[in-house]
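A.B. asks:
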Amino acid sequence: MVSRPKFLYIDNLLSLVAKEIALSLRTLILLWTSISRSLVGYRAMNWIQRKIYLYNVTFGLFMLDWWERYLFNILVIVLMWFIFYNGSRYVTDFFQRHLILSSDRSA
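Take 1 as the starting number for the sequence shown in the numbering used here and just add one per residue.
1) With H, G and I counted as helix, E and B as strand and the rest as coil, what does DSSP make of G60?
2) Could you give the DSSP three-state label for N73: helix, strand or coil?
3) What's the gap between the Cα of H98 and the Cα of F82?
4) I need the straight-line Cα distance from A18 to W32, nearest angstrom please.
5) Note down the Cα distance separating N56 from G87, rounded to an integer number of angstroms.
6) Please report how far the alpha carbon of T70 lies from the alpha carbon of F59, in whole angstroms.
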């Protein structure tokens, strides 16, 4: 059995460590570039696109099919119409009663 000098083992170990460090640095560089590209894409959105994106992420609409997303959006629109319509009726009725009461007090 031929014995190898110990410095060859250390040399092999150092080369393996250097390769692992190079791979990890390469991975970090690729990760950083992908993150920075996604941030640049996020900054490039205008205000409306950002609000639509936040709406989709907040309510989880990005994982729905297109028809489920449309159905959900229609339900939201109907609900908002119902709230605004009845709210406007209540506000006008409230102010009409308030004006009638204030005109009765002044007379």
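For glycine and all other residues, C-beta sits at the position ideal for the given N, C-alpha and C.
Bear in mind that the values here come from a model prediction, so they are computed numbers and not experimental data.
C.D. replies: In short:
1) Three-state result, G60: coil.
2) N73 falls in the helix class under three-state DSSP.
3) If you draw a straight line from the Cα of H98 to the Cα of F82, it comes to about 24 Å.
4) About 21 Å.
5) Near 26 Å, if we compare the C-alpha coordinates of G87 and N56.
6) The question names Thr, yet the displayed sequence has Tyr at residue 70. Each residue's alpha carbon lies about 13 Å from the other.
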